[in-house]
Amino acid sequence: MSSTETAPATTGEIQTIVAARRLTGAKVVFIGVGRPSTAAILARMVHNPELVLVYESGTIGAKPHRVPLSIGDGELAQTADAVVAVPEMFNYWVQAGRIDVAFLGAAQVDRYANLNSTVIGDYDAPRTRLPGAGGAPEIAGGCGEVVVVAPHSTRTFVERLDFVTTVGHADPDGVLGSIPGAPPEGITREGLGLRGGGPSAVITDLGVLQPDPATKELVLVQLHPGATVADARDKTGWELRVAEDVVETAPATADELAALRELVAR
Amino acid sequence: MSSTETAPATTGEIQTIVAARRLTGAKVVFIGVGRPSTAAILARMVHNPELVLVYESGTIGAKPHRVPLSIGDGELAQTADAVVAVPEMFNYWVQAGRIDVAFLGAAQVDRYANLNSTVIGDYDAPRTRLPGAGGAPEIAGGCGEVVVVAPHSTRTFVERLDFVTTVGHADPDGVLGSIPGAPPEGITREGLGLRGGGPSAVITDLGVLQPDPATKELVLVQLHPGATVADARDKTGWELRVAEDVVETAPATADELAALRELVAR
Amino acid sequence: MADVVDLPTAIRELVRDGDAVALEGFTHLIPFAAGHEILRQGRRDLELIRMTPDVLYDQMVGAGAARKLVFSYGGNPGVGSLHRFRDAIEHGWPHPIEIEEHSHAAMANRWVAGASALPFAVLRGYAGTDLEARTRVERITCPFTGEVLAAVPALNPDVSIVHAQEADRAGNVQLWGIPGVQKEAVLAATRSLVTVERIVDELVPRPGGVVLPGWTIDAVAEAPRGSQPSYAHGITDRDNDAYRAWDVVSRDRDTFTAWMGEHVLKGQAA
Amino acid sequence: MADVVDLPTAIRELVRDGDAVALEGFTHLIPFAAGHEILRQGRRDLELIRMTPDVLYDQMVGAGAARKLVFSYGGNPGVGSLHRFRDAIEHGWPHPIEIEEHSHAAMANRWVAGASALPFAVLRGYAGTDLEARTRVERITCPFTGEVLAAVPALNPDVSIVHAQEADRAGNVQLWGIPGVQKEAVLAATRSLVTVERIVDELVPRPGGVVLPGWTIDAVAEAPRGSQPSYAHGITDRDNDAYRAWDVVSRDRDTFTAWMGEHVLKGQAA
Numbered sequence: 001m002s003s004t005e006t007a008p009a010t011t012g013e014i015q016t017i018v019a020a021r022r023l024t025g026a027k028v029v030f031i032g033v034g035r036p037s038t039a040a041i042l043a044r045m046v047h048n049p050e051l052v053l054v055y056e057s058g059t060i061g062a063k064p065h066r067v068p069l070s071i072g073d074g075e076l077a078q079t080a081d082a083v084v085a086v087p088e089m090f091n092y093w094v095q096a097g098r099i100d101v102a103f104l105g106a107a108q109v110d111r112y113a114n115l116n117s118t119v120i121g122d123y124d125a126p127r128t129r130l131p132g133a134g135g136a137p138e139i140a141g142g143c144g145e146v147v148v149v150a151p152h153s154t155r156t157f158v159e160r161l162d163f164v165t166t167v168g169h170a171d172p173d174g175v176l177g178s179i180p181g182a183p184p185e186g187i188t189r190e191g192l193g194l195r196g197g198g199p200s201a202v203i204t205d206l207g208v209l210q211p212d213p214a215t216k217e218l219v220l221v222q223l224h225p226g227a228t229v230a231d232a233r234d235k236t237g238w239e240l241r242v243a244e245d246v247v248e249t250a251p252a253t254a255d256e257l258a259a260l261r262e263l264v265a266r
Numbered sequence: 001m002s003s004t005e006t007a008p009a010t011t012g013e014i015q016t017i018v019a020a021r022r023l024t025g026a027k028v029v030f031i032g033v034g035r036p037s038t039a040a041i042l043a044r045m046v047h048n049p050e051l052v053l054v055y056e057s058g059t060i061g062a063k064p065h066r067v068p069l070s071i072g073d074g075e076l077a078q079t080a081d082a083v084v085a086v087p088e089m090f091n092y093w094v095q096a097g098r099i100d101v102a103f104l105g106a107a108q109v110d111r112y113a114n115l116n117s118t119v120i121g122d123y124d125a126p127r128t129r130l131p132g133a134g135g136a137p138e139i140a141g142g143c144g145e146v147v148v149v150a151p152h153s154t155r156t157f158v159e160r161l162d163f164v165t166t167v168g169h170a171d172p173d174g175v176l177g178s179i180p181g182a183p184p185e186g187i188t189r190e191g192l193g194l195r196g197g198g199p200s201a202v203i204t205d206l207g208v209l210q211p212d213p214a215t216k217e218l219v220l221v222q223l224h225p226g227a228t229v230a231d232a233r234d235k236t237g238w239e240l241r242v243a244e245d246v247v248e249t250a251p252a253t254a255d256e257l258a259a260l261r262e263l264v265a266r
Numbered sequence: 001m002a003d004v005v006d007l008p009t010a011i012r013e014l015v016r017d018g019d020a021v022a023l024e025g026f027t028h029l030i031p032f033a034a035g036h037e038i039l040r041q042g043r044r045d046l047e048l049i050r051m052t053p054d055v056l057y058d059q060m061v062g063a064g065a066a067r068k069l070v071f072s073y074g075g076n077p078g079v080g081s082l083h084r085f086r087d088a089i090e091h092g093w094p095h096p097i098e099i100e101e102h103s104h105a106a107m108a109n110r111w112v113a114g115a116s117a118l119p120f121a122v123l124r125g126y127a128g129t130d131l132e133a134r135t136r137v138e139r140i141t142c143p144f145t146g147e148v149l150a151a152v153p154a155l156n157p158d159v160s161i162v163h164a165q166e167a168d169r170a171g172n173v174q175l176w177g178i179p180g181v182q183k184e185a186v187l188a189a190t191r192s193l194v195t196v197e198r199i200v201d202e203l204v205p206r207p208g209g210v211v212l213p214g215w216t217i218d219a220v221a222e223a224p225r226g227s228q229p230s231y232a233h234g235i236t237d238r239d240n241d242a243y244r245a246w247d248v249v250s251r252d253r254d255t256f257t258a259w260m261g262e263h264v265l266k267g268q269a270a
Numbered sequence: 001m002a003d004v005v006d007l008p009t010a011i012r013e014l015v016r017d018g019d020a021v022a023l024e025g026f027t028h029l030i031p032f033a034a035g036h037e038i039l040r041q042g043r044r045d046l047e048l049i050r051m052t053p054d055v056l057y058d059q060m061v062g063a064g065a066a067r068k069l070v071f072s073y074g075g076n077p078g079v080g081s082l083h084r085f086r087d088a089i090e091h092g093w094p095h096p097i098e099i100e101e102h103s104h105a106a107m108a109n110r111w112v113a114g115a116s117a118l119p120f121a122v123l124r125g126y127a128g129t130d131l132e133a134r135t136r137v138e139r140i141t142c143p144f145t146g147e148v149l150a151a152v153p154a155l156n157p158d159v160s161i162v163h164a165q166e167a168d169r170a171g172n173v174q175l176w177g178i179p180g181v182q183k184e185a186v187l188a189a190t191r192s193l194v195t196v197e198r199i200v201d202e203l204v205p206r207p208g209g210v211v212l213p214g215w216t217i218d219a220v221a222e223a224p225r226g227s228q229p230s231y232a233h234g235i236t237d238r239d240n241d242a243y244r245a246w247d248v249v250s251r252d253r254d255t256f257t258a259w260m261g262e263h264v265l266k267g268q269a270a
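Residue numbers (the numbering used here), protein chains in the order written: chain A, 1 to 266; chain B, 1 to 266; chain C, 1 to 270; chain D, 1 to 270.
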């Protein structure tokens, strides 16, 4: 297919395509619905046909042809290598650390990639009540690494979460003071007993943030075509650190874009 | 079939037949191999066709046509209503108290129907090493009632167990001093936190012992045809209590005996 | 053996005002017909337990049947918010409800403990989160390694209700496809009801089949299409349009009330 | 993905002297061929873990391969004693072995904890028994009810080996019939091997089928009839006569040694 006949990638499409690329070398990915599911199916189509998709409904090795609306659609069970009960999924598979990569979304993300999916405002008198934890806390605790997929805006990228639903890199220097029970000098995820590596990237519609290997603070390391550092700073609710050598995201290839659009149209 | 053409029941046969009769009103029975298994299959043939047989191999509602050699014979899985993994069997079914009656054997039985299936002699220098606990401790802890099936002899019916593998009625008056950690005044099975009712009967080749409702000490309440109180006393390693109104076991009916012999011959 | 009865009879006999009631089914086999019958019978003041409240509990909460909600994810999967759930929590409509929320892993393990007659379950979880102060979790130390883990209390509802594909006339049940926590929910409850797509002469073992013997269940009721708009693997399909449409219906209190009157409360059998 | 290799290669790569090794299979699918290959390769000083040692561990203990035995029931089911097991414990032949014994419920829960990456499991058990002083069990208090329960440590062997009916060429495994603790044993181990009756082009889901994805297993080796004299449901039958005959063979040290030389140690492939 010639790219000259194809409309350019939207920011949402490039976000999905960048998420899919991160799965090129992965073995097993844990996914929820929406963009992460689309990205993982796209990765199987384009980059990594052997990628094992795991959904929290208990379907291991699902091979969906279409993007499922729920994480328990019948096609997932029908095509899975194994279907297990929910307790087994969380105990034998997630908690035991058998999953390489997990995709998670969130309503709020802080500079250490901690996540809020519980409530906006006060817990007892919420401005917006969100769905709640679901599998996220233990998925982020047990999987090898976590990739967060979220829209870049000051509503999402906040100085301080209204509620810590899921620990990313905690509060290693005590800057946020948001982890309950943590000492003033801060606490790491290892210090909390979490076993997986935690968030390795946050993929937004503007670019990619990654934790600084030493401080764990998120750093802008990559910008999608057309996005600027100024955009990213404007849409981040804290003073965003920017890498010295921000790379530009490689444009969506014709194959990626065609596969994505074909997938979404199924 | 006319009983005049049939050889009289052996003591082993009458023991099996009496065990089977105890299942006339039972709903769900947990059984091991050997005589208990034969008795439960016989009960399904003669007294209680709806009786649910559960084996610790995970087969629930097995309908064996032949007496299985092991508790995991293929016929049990083939004919079961459900087959579950061993952890589920012990956690969801036994521990949760879903089984009415369990049959257990033992190498030693004391006057409170506590059982030894671990060792004869000293644990560290055994005279005879027995197979060990298997499922017995938790089966006896969780099932509604336990029926012990054992040969009547002073080797089996002992004053004091060499090893307490399985608690029956513990040591409610401190007479035995055999329950580890129990106070001198004794301890009941309820005091140990055991939930099922414990042993309701011990069926031997001579008769039936049942715990006194108040003291829990085993009392001879029934004698099989031809057996005497003196026999039972001789073959019991403690001073056996005998009920005032010992009843004689109803002889094996022609139907029972024919069914049992047909079953064993299959 | 389970009594095989009609759905209104089963609900009348098993569900009482004030009960802790679990209608389980993880994205699959959600017992909508039974939930609707509970609403038609006017049950009130219920503690509603479910990992994923979904559209069904949105309807039950919006109808005012819930005193308390115990859950781990209150969303309309792939669509967005549960608007009645939000309205109850954010604005106390139609009346305020108590909530007790957990993570999925904790809820799943609470079900396992309940089915096992254990008072609690152990997991690696909750450390560092604000959930810990808002829910029922304690720290427990491993007596062998000294490691500190989370303990969560067993779930043992008064009644659990699940939907399955098939039962035989003795009330033995088989379900297949995504098994969720249905077995655990039935085994953990004091009373239980299974609604089924169909009653068959004999259960034929299926790949992935989970069998619940009839003697572990109180009642079985036939409810064809009883998990719609969720689905019964191999028999009905998930009605994704109905999930999307619910987003519109449920946004407005009056629209919701009218819809419930027309589609749920007026109906007679499920 | 699991490597699909021949059995001698698999054992050579996965089992080392001194390892804690579990060959599991609860009355069904007992991995005899793999155990025999371990003996042929002369592995020594093993900690042998199995709920039901059965004839296989009687052979391995009698052959002197075990330093320690971890188990819950050491009998020849339906026949009687395991004479080599008894001779080792009662008389230290061919050398003394350490034993660590549990109840079935405790061993099963130890496997669950091991597969779940938890350091311990909780059960109602051991209270009032002499086992408690002879094994690894601690008391633990429920933080919600105050009830005192038993805690047992997780099992996490260096290697687990199980037998199954089928694998595909990518090493995905399916077993059916009595599932025992095989899944847990594989998932709890650092390394794992599954021997199978046959390699197939595609795994067809079966009623009661338990699937272990190839990516959770280190190696798969074809071993037709590899669980005889136990059985592989639907493929081979339990050889009850061999279990009865073992009672005679194993009673006498010399008879045993001769039998092993002829039937196990001289053999080449499994």
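Even for Gly, the Cβ is constructed at its ideal location relative to N, Cα and C.
| request: Sort 103/D, 112/D, 84/D, 85/D by Cα distance to residue 87/A and report the nearest one. | output: Along the first sequence, one-based indexing puts residue 87/A at 87. The residue with the shortest Cα to Cα distance from residue 87/A is 112/D.
| task | Report the neighbours of residue 151/D on chain C: residues whose CB is nearer than 7 angstroms to its CB, in chain order. | result | Position 151 of the fourth sequence, counted from the start, is the residue given in the question as residue 151/D. What residue 151/D touches in chain C: 143.
| said: Give me the chain A residues within the contact set of residue 213/D, using Cβ-Cβ distance strictly less than 8 angstroms, ordered along the chain. | reply: Taking the first residue of the fourth sequence as position 1, residue 213/D is located at position 213. Simply 52, 60, 61, 81, 82.
| field | Inter-residue CB distance, residue 195/D and residue 31/D (contact presumed, cutoff 8 angstroms) | value | Position 195 of the fourth sequence, counted from the start, is the residue given in the question as residue 195/D. Position 31 of the fourth sequence, counted from the start, is the residue given in the question as residue 31/D. Confirmed, Cβ separation roughly 5 angstroms.
| request: Pull out every residue of the stretch 38-57 of chain C whose Cβ sits closer than 7 angstroms to any Cβ of chain D, in chain order. | output: none
| said: Taking the alpha carbon of residue 80/D as the reference point, which residue from 131/B, 176/B, 92/B has its own alpha carbon closest? | reply: By one-based count along the fourth sequence, residue 80/D stands at place 80. Minimum Cα distance to residue 80/D is reached at 131/B.
| query | For the alpha helix (DSSP H) that residue 256/D lies in, which residues bound it at each end? | reply | For the purposes of this step, residue 256/D is identified with residue 256 of the fourth sequence, where counting begins at 1. 253-260 is the extent of the alpha helix (DSSP H) around residue 256/D.
| Cutoff 6 angstroms; reference residue 57/C; Cβ partners in own chain excluding five residues on either side | Taking the third sequence and counting its residues from 1, one reaches residue 57/C at position 57. These residues qualify, in order along the chain: 48, 50.
| residue 119/B at chain C interface by Cβ criterion, 8 angstroms | Here the question's residue 119/B lines up with position 119 in the second sequence. Taking Cβ atoms only, chain C never reaches closer than 8 angstroms to residue 119/B, which makes this a no.
| query | CA-CA distance, residue 270/C and residue 37/C? | reply | Stepping through the third sequence from its first residue, residue 270/C is reached at position 270. Stepping through the third sequence from its first residue, residue 37/C is reached at position 37. A caution first: residue 270/C carries a pLDDT of 40, below 50, which makes its placement in the model too unreliable to give a value.
| query | Can you name, in chain order, every residue of its own chain whose Cβ lies under 8 angstroms from the Cβ of residue 109/C, other than the five neighbours on each side? | reply | Here residue 109/C refers to the residue found at position 109 when the third sequence is read from its first residue. Here the set comprises 121, 122, 123, 152.
| query | Helix or strand or just coil, what does DSSP make of residue 224/B? | reply | What you label residue 224/B is simply residue 224 of the second sequence in a count that begins at 1. Residue 224/B falls in the coil class under three-state DSSP.
| message | Alpha carbons only, please: which of 172/A, 170/A, 98/A, 233/A is nearest the one belonging to residue 188/D? | response | As a position in the fourth sequence, residue 188/D is number 188, starting the count at 1. Out of 172/A, 170/A, 98/A, 233/A, 98/A has the C-alpha closest to the C-alpha of residue 188/D.
| Alpha carbon to alpha carbon, how far is residue 75/D from residue 105/D? | Here residue 75/D is taken as the residue at index 75 of the fourth sequence, counted from 1. Here residue 105/D is taken as the residue at index 105 of the fourth sequence, counted from 1. Near 17 angstroms, if we compare the C-alpha coordinates of residue 105/D and residue 75/D.
| request: Return the first residue and the last residue of the beta strand (DSSP E) that residue 200/B is part of. | output: Position 200 of the second sequence holds residue 200/B. If you look at residue 200/B, you'll find it in the beta strand (DSSP E) that goes 199-203.
| said: Extract the residue ranges of the alpha helix (DSSP H) inside the stretch 46-114 of chain D, only unbroken runs of 4 or more that lie entirely within it. | reply: 54-62, 83-91
| query | At a Cβ threshold of 8 angstroms, is residue 109/C touching chain B? | reply | Mapped onto the third sequence, residue 109/C falls at position 109. Taking Cβ atoms only, chain B never reaches closer than 8 angstroms to residue 109/C, which makes this a no.
| Does any CB atom of chain D fall closer than 8 angstroms to the CB of residue 31/C? | Position 31 of the third sequence, counted from the first residue, corresponds to residue 31/C. Not an interface residue.
| Per DSSP, what kind of secondary structure is residue 150/A in: helix, strand or coil? | Position 150 of the first sequence, counted from the first residue, corresponds to residue 150/A. In the structure shown, residue 150/A sits in coil (DSSP, three-state: anything other than H, G, I, E or B).
| task | Under 9 angstroms between beta-carbons, which chain B residues line up against residue 247/D? List them in chain order, please. | result | Working through the fourth sequence from its first residue, we reach residue 247/D at position 247. Within chain B, no residue comes near residue 247/D; the closest Cβ sits about 12 angstroms away, beyond 9 angstroms.
| request: For residue 72/D, go through chain B and note every residue whose CB falls closer than 7 angstroms to its CB, in chain order. | output: One-based indexing of the fourth sequence puts residue 72/D at position 72. Within chain B, the residues near residue 72/D are 132, 133, 134.
| query | How would you write the range of the alpha helix (DSSP H) that residue 198/C sits in, first residue to last? | reply | As a first step, residue 198/C is located in the third sequence; it is residue number 198 there, counting from the start. Counting along the chain, no alpha helix (DSSP H) covers residue 198/C; the unbroken beta strand (DSSP E) around it starts and ends at 191-200.
| field | N-terminal and C-terminal residue of the alpha helix (DSSP H) that residue 163/C is part of | value | Along the third sequence, read from residue 1 onward, the residue named residue 163/C stands at position 163. First-last for residue 163/C: 159-168, but that is the beta strand (DSSP E), not the alpha helix (DSSP H).
| Burial state of residue 270/A (16 or more Cβ within 10 Å) | Because residue 270/A is not part of the residues shown, which for chain A are 1 to 266, the question remains open.
| query | Excluding sequence positions up to five away, which residues of its chain have a Cβ less than 7 angstroms from the Cβ of residue 15/D? | reply | As a working mapping, residue 15/D is identified with position 15 in the fourth sequence. Within the same chain, residue 15/D has close Cβ partners 21, 38, 43, 159.
| Do you know offhand how far residue 90/D's Cα is from residue 119/B's? | Residue 90/D sits at position 90 when you count from the first residue of the fourth sequence. Residue 119/B sits at position 119 when you count from the first residue of the second sequence. Cα to Cα, the separation comes out at about 10 angstroms.
| request: Please classify residue 248/A: does DSSP put it in a helix, a strand, or coil? | output: Against the first sequence, residue 248/A aligns to sequence position 248. Strand, per DSSP.
| request: Would you kindly report the start and end of the unbroken alpha helix (DSSP H) that includes residue 181/D? | output: Here residue 181/D corresponds to residue number 181 of the fourth sequence, with the count starting at 1. Careful: residue 181/D lies outside any alpha helix (DSSP H) and carries neither H nor E.
| request: Could you name the residues of the same chain whose beta carbon sits closer than 6 angstroms to that of residue 18/D, not counting the 5 residues immediately before and after it, in chain order? | output: In the fourth sequence, counting from the first residue as 1, residue 18/D sits at position 18. Correct list, in chain order: 45.
| Stretch pair the stretch 197-212 of chain D + the stretch 253-263 of chain C: three plus CB contacts closer than 8 angstroms | Of all C-beta pairs linking the stretch 197-212 of chain D to the stretch 253-263 of chain C, fewer than three are shorter than 8 angstroms, placing the two stretches out of contact.
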